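Written out below as C-alpha cells is the structure these notes cover.
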Amino acid sequence: MNTDATQQDQSGGPATGWWTEAVIYQIYPRSFADSDGDGIGDLPGITARLGHLAELGVDAVWLSPFYPSPQADAGYDVADYRDVDPLFGRLEDADKLIAEARAKGLKVIVDLVPNHTSSAHTWFRAALAAGPGSPERARYVFRDGLGPDGDQPPNDWQSVFGGPAWTRVTDPDGRPGQWYLHLFDTGQPDLNWDNPEVQTEFLDVLRFWLDRGVDGFRVDVAHGLIKQADLANWQEPQEILSGNEVEKPRPPMWDQDAVHEIYREWRRVLDSYDGERILVAEAWVEPAERLARYVRPDEMHQAFNFEYLLASWTAPAQYAVITRSLEATDGVGAPTTWVLSNHDVVRHASRLGLTIGGGRPNGIGIGDQQPEAALGLRRARAATLLMLALPGSAYLYQGEELGLPEHTTLPDEARQDPTWERSGHTQRGRDGCRVPIPWEADAPSYGFGPTDASWLPQPPLWAEYALDRQRGVAGSTYEMYRTALRLRREHGLARGPLEWLSSGDEVLAFRNRALTVLANFGDTAVPPPVGELLHSSAPLDADGRVPTDVTVWVRA
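Sequential numbering of the sequence shown, starting at 13, is according to my numbering.
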C-alpha cells in the first residue's frame, strides 16, 4: 500500500502532492509529431520530441487516446482499452514513451474513455448478436422504442454532436429492433454503469495501465457515466454544459450524484499503488460548487475548470470566476485546475480575438466572423500570464506555447469532426484546433513529419509560428511561456495564497507570495506595481506603463 499518496488530510487541511502544483501539457497524438511520414502523429514521434517539453519546463504530459479505434471520433471511440492502435505504434512504443518521459523528469497521464465504447468493441458486437434481454445488451443502454411499431426513440435526448442520441438496430432475424443510446456519435454507444460487469472491467483497465507505469488518467466525460434512472425527457438544448446553472435542474444525462461512488472506488485502486497516481475529471459542470464535488478528498485529484476557460476577457468576469473557483475548491481542500485551451475548443489565441460577449463558437471556418489575429494573440499571452500566476495546477494544450491560432480557413471538405456532418453543416466542429503543429519553418509539413503529409492541411502562416523561429528569440511566445514556467516554479506561485489588490472594471491586481500580478483590461495604459518587473506578456509603453491587454509580474 502506498503511504505517500496524499490529498486533503483528515483535519481538513489542503491537499499536497506533485499534482497540486503541476503544469501539465496535453498532447493530441495525431497532431504532435509524425515519425513515419504517413501524415498522422504517433507515439515514437512523441517520444522523439519529449526534450522540447523538458526544455519548456512542464511537469507532466497528458496523452489523448491512442487505443485501437475506427476513429469515428478521433480515437474517443475505443475498441480495445489495453492496446495501441497501429496508427500510433505498438504497445512497446507506449512503454518506451513512459520510460523516456520518466528519464526526463516528466510524468505521463493517459486518457480513459469510460462513458462509451466504440461500436467496434467486442462487447457491442456481442450485444448486437445476442438480442434483447441478453446479458450482452445489459452492458449498454438499450431500450424499446415508442409508438405502436417501436419506431420512435425512447426519449427526446439529442447527441452532443447533433441529431438524435438514439439509433435503432436490426435484430439478428433481420427485423427492426431496439434502440441504443449514444450521447455522442453513433459509433460511440453509451455503457450502462449500473452493470457490475462494466464496473469490474474498468477497474481492470486502470490496473493494466498503472502496472505499465502511468501516473494517472484523464477521465473523458467524467460527469456522464450515470444517467437518471427513468431516462426522463429533456427539453433544453443538448449541450455539454447545458442546464447546470444554479437556477436550473440538472439534465438527466449529466452530473448525477451516483457517479461519485464510481470515482471513490477508482481512487482506492490508485491509492494502492506506489507513488502519487492521479485522476483528472473532464466534467463540464456548473456551478463551481458542483464541480468541487469531483475533487473531494476520497475522489479525483483534479477537475478542469471549464467555467474559467469560458469566461469573458473582462476584469469583472475574470475576478468573479477566479474567486468563485478558489472558494469552491478550497472548501474541499483541493487545488483549482486552470485551463485556457484543449482539443475540444477554439484555441484561445483566436477565441480572444473575437468580439467579447459574442458567444463561444463551435469551430470557425470560411465565411464565419474571423478573429483579429494580433488582438487574439496579445490577449492570449496576457491571459496565459494571468493563469500561470494563479494558485493551483494548470494545463497547456500543444502548440499554445507557440501562440498557435485556430486554423479558421480550413476547407470544409477537409473536416473530419463528426460534429460537422451530424449538425447538418451548421457547426464546423473541432478540427481547427487539431491541425498538426509546426516545428521547423522550412521543413516538409513544417517539421511535423519527414514528408509533406498531414492528416489535416496546415495553413501557410504556420511557418511564422514554428518552434525554430521562436527558440532563443526575446519576446517570442515560446520564450514568454518558458520564462513564465521557470518563474512560477521559482516563486512557488502554485502554492499561493492569492490576495486581491484591485478588482475594478479595468484592472485586476493580486499578490501571490512575493509577486504582484496586474492585468490591464482597460482602454488606457496604467502604472505597473512598484517593484522589479520580472515578466510581461508584452512590452511596457514608452512611459513605462502597462498597455491594454497586458499582464505583468512584479517583485516588490
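Backbone N, C-alpha and C fix where the C-beta goes; we use that ideal spot for every residue, glycine too. Values in this document were obtained by computation on a predicted structure and should not be read as measured data.
Item to check | For residue 350 and residue 399, believed in contact at Cβ under 8 Å, the rounded distance | outcome: Within the sequence shown, the letter at position 387 stands for residue 399. Within the sequence shown, the letter at position 338 stands for residue 350. Their Cβ separation, rounded to whole angstroms, is 5 Å, which keeps residue 399 and residue 350 in contact under 8 Å.
Checklist entry - My guess is that residue 203 and residue 126 are in contact by the Cβ rule of under 8 Å, so how many angstroms apart are they, rounded? => result By one-based count along the sequence shown, residue 203 stands at place 191. By one-based count along the sequence shown, residue 126 stands at place 114. Right, the Cβ-Cβ distance comes to about 7 Å (below 8 Å), so this counts as a contact.
Checklist entry - Under 8 Å, do residue 454 and residue 422 count as touching if we go by C-beta distance? => result Stepping through the sequence shown from its first residue, residue 454 is reached at position 442. Stepping through the sequence shown from its first residue, residue 422 is reached at position 410. Pairing residue 454 with residue 422 gives a Cβ-Cβ distance that is not under 8 Å.
Checklist entry - Can you tell which of 66, 102, 124, 108 has its C-alpha closest to the C-alpha of residue 116? => result Indexing the sequence shown from 1 puts residue 116 at position 104. When only C-alpha atoms are compared, the closest one is 66.
Checklist entry - Roughly how many angstroms separate the alpha carbons of residue 238 and residue 300, rounded to a whole number? => result On the sequence shown, residue 238 is found 226 positions in, with the first residue counted as 1. On the sequence shown, residue 300 is found 288 positions in, with the first residue counted as 1. Rounded to the nearest angstrom, the two C-alpha atoms are 20 Å apart.
Item to check | Bridge partners - residue 35, DSSP secondary structure assignment | outcome: As a working mapping, residue 35 is identified with position 23 in the sequence shown. Answer is 406, bridged to residue 35.
Next on the checklist: Looking only at its chain, what residues have a beta carbon closer than 6 Å to the beta carbon of residue 153, apart from the 5 residues adjacent to it on each side?
Outcome noted: Indexing the sequence shown from 1 puts residue 153 at position 141. Residues of the same chain with a CB within less than 6 Å of the CB of residue 153, apart from the 5 flanking positions on each side, are 193, 202, 204 in chain order.
Checklist entry - residue 547 lies in the beta strand (DSSP E); which residues open and close that run? => result As a working mapping, residue 547 is identified with position 535 in the sequence shown. 544 to 548 is the extent of the beta strand (DSSP E) around residue 547.
Item to check | Option in 294, 236, 235, 146 with minimal Cα separation from residue 76 | outcome: As a position in the sequence shown, residue 76 is number 64, starting the count at 1. From the listed residues 294, 236, 235, 146, the smallest Cα separation to residue 76 is found for 294.
Checklist entry - Looking only at its own chain, which residues have a Cβ that is under 7 Å from the Cβ of residue 514, when we skip the five neighbours before and after it? => result If you number the sequence shown from 1, residue 514 lands on position 502. If we look at residue 514 and ignore the five residues flanking it on each side, its Cβ neighbours are 520, 521.
Checklist entry - Is the beta carbon of residue 340 less than 8 Å from the beta carbon of residue 517? => result Counting from one through the sequence shown, the residue named residue 340 turns up at place 328. Counting from one through the sequence shown, the residue named residue 517 turns up at place 505. No. Outside cutoff.
Item to check | Other residues of its chain near residue 548: CB distance less than 6 Å, five sequence neighbours each side excluded | outcome: By 1-based counting over the sequence shown, the position of residue 548 is 536. Closer than 6 Å at Cβ, skipping near neighbours: 564.
Next on the checklist: Let me make sure I understand the geometry here. Which of 26, 283, 536 has the alpha-carbon closest to that of residue 553?
Outcome noted: For the purposes of this step, residue 553 is taken as the residue at position 541 of the sequence shown. The residue with the shortest Cα to Cα distance from residue 553 is 536.
Item to check | Contacting residues, own chain, Cβ-Cβ under 8 Å from residue 403 (five flanking each side not counted) | outcome: As a working note, residue 403 is residue 391 in the sequence shown. Cβ neighbours of residue 403 beyond the five flanking positions: 338, 347, 348, 505, 506, 507, 508, 509, 510, 524.
Item to check | For residue 230, the first and last residue of its enclosing beta strand (DSSP E) | outcome: Translated into the one-based positions of the sequence shown, residue 230 becomes position 218. Its beta strand (DSSP E) spans residues 228 to 231.
Item to check | Contacts around residue 538, its chain only, beta-carbon distance under 7 Å, and the 5 residues preceding and following it disregarded | outcome: The residue labelled residue 538 in the question sits at position 526 within the sequence shown. Non-local C-beta neighbours of residue 538 in its own chain, meaning closer than 7 Å and more than five positions away in sequence, comprise 519, 532, 557, 558, ordered along the chain.
Next on the checklist: Counting C-beta neighbours from all protein chains within 10 Å, is the total for residue 220 16 or more, i.e. buried, or is it exposed?
Outcome noted: Locating residue 220 in the sequence shown gives position 208, where the first residue counts as 1. So residue 220 ends up on the exposed side.
Next on the checklist: Going by DSSP in three states, residue 289 sits in which element: helix, strand or coil?
Outcome noted: Within the sequence shown, numbered from 1, the residue matching residue 289 stands at position 277. Note: residue 289 maps to coil in three-state DSSP.
Checklist entry - Quick one, which of 143, 39, 100 has its alpha-carbon nearest residue 51's? => result Mapped onto the sequence shown, residue 51 falls at position 39. In terms of Cα proximity to residue 51, the closest of 143, 39, 100 is 100.
Item to check | Entirely enclosed alpha helix (DSSP H) segments - the segment 304 to 374, minimum 4 residues | outcome: Taken in chain order, the whole alpha helix (DSSP H) runs of length 4 or more contained in the segment 304 to 374 are 318 to 322, 327 to 342, 360 to 363.
Item to check | Collapsed DSSP secondary structure at residue 271 in the structure displayed | outcome: By 1-based counting over the sequence shown, the position of residue 271 is 259. DSSP places residue 271 in helix when its eight states are reduced to three.
Next on the checklist: So if DSSP puts residue 123 in a beta bridge, which residue, or which two residues, is it bridged to?
Outcome noted: On the sequence shown, residue 123 is found 111 positions in, with the first residue counted as 1. Its beta-bridge partners are 230.
Checklist entry - Are the beta-carbon atoms belonging to residue 196 and residue 172 less than 8 Å from one another? => result Within the sequence shown, residue 196 is the residue found at index 184, counting from 1. Within the sequence shown, residue 172 is the residue found at index 160, counting from 1. Contact flag set, yes.
Checklist entry - Near residue 255, what residues of its chain come up, given a Cβ to Cβ distance below 6 Å and the 5 sequence neighbours on each side ignored? => result To locate residue 255, count along the sequence shown from 1; it is residue 243. With a pLDDT of only 36 at residue 255, under the threshold of 50, the placement of this residue in the model should not be trusted; the figure read from the coordinates follows. 248, 263.
Next on the checklist: Assuming contact is defined by CB atoms lying nearer than 8 Å, are residue 191 and residue 157 in contact in what I supplied?
Outcome noted: Residue 191 sits at position 179 when you count from the first residue of the sequence shown. Residue 157 sits at position 145 when you count from the first residue of the sequence shown. Yes; because the gap between Cβ atoms is below 8 Å, this pair is in contact.
Item to check | In chain order, each alpha helix (DSSP H) run of at least 4 residues that lies wholly inside the segment 448 to 522 | outcome: Within the segment 448 to 522, the complete alpha helix (DSSP H) runs of at least 4 residues fall at 474 to 477, 479 to 482, 489 to 502.
Checklist entry - How big is the Cα-Cα spacing for residue 290 and residue 265? => result Along the sequence shown, one-based indexing puts residue 290 at 278. Along the sequence shown, one-based indexing puts residue 265 at 253. Pairing residue 290 with residue 265, the inter-Cα distance amounts to about 25 Å.
Checklist entry - Cα separation between residue 401 and residue 500? => result Taking the first residue of the sequence shown as position 1, residue 401 is located at position 389. Taking the first residue of the sequence shown as position 1, residue 500 is located at position 488. Those two C-alpha atoms are separated by around 7 Å.
Next on the checklist: Using only the alpha-carbon positions, how far apart do residue 357 and residue 375 sit?
Outcome noted: Here the question's residue 357 lines up with position 345 in the sequence shown. Here the question's residue 375 lines up with position 363 in the sequence shown. Going by the C-alpha atoms only, they are around 7 Å apart.
Item to check | residue 437 classed as buried or exposed, judged by whether at least 16 other C-beta atoms fall within 10 angstroms | outcome: What you label residue 437 is simply residue 425 of the sequence shown in a count that begins at 1. Per the 10 Å Cβ criterion, exposed.
Next on the checklist: Can you look up residue 196 in the DSSP assignment and give me helix, strand or coil?
Outcome noted: Here residue 196 refers to the residue found at position 184 of the sequence shown. Residue 196: coil per DSSP, three-state reduction.
Next on the checklist: Looking at residue 369: is its Cβ nearer than 8 Å to the Cβ of residue 383?
Outcome noted: As a first step, residue 369 must be located in the sequence shown, where it is residue number 357. As a first step, residue 383 must be located in the sequence shown, where it is residue number 371. Inclusion of residue 369 and residue 383 in the CB contact set at 8 Å is not warranted, their separation being larger than that value.
Item to check | Three-way DSSP call (helix, strand, coil) for residue 557 in this model | outcome: For this step, residue 557 is matched to residue 545 along the sequence shown. Secondary structure of residue 557 (DSSP, three-state): coil.
Checklist entry - DSSP three-state call for residue 396: helix, strand or coil? => result Numbered from 1 along the sequence shown, position 384 holds the residue referred to as residue 396. Taken through DSSP and simplified to helix, strand or coil, residue 396 comes out as helix.
Checklist entry - Does DSSP put residue 179 in a helix, a strand or coil? => result Residue numbering aside, residue 179 sits at position 167 when the sequence shown is read from its first letter. Residue 179: strand per DSSP, three-state reduction.
Checklist entry - Which whole-angstrom value is the C-beta distance of residue 61 and residue 45, which I expect to be below 8 Å? => result In the sequence shown, residue 61 corresponds to position 49, counting from 1. In the sequence shown, residue 45 corresponds to position 33, counting from 1. With a beta-carbon spacing of about 5 Å, residue 61 and residue 45 fall inside the 8 Å limit used to define contacts.
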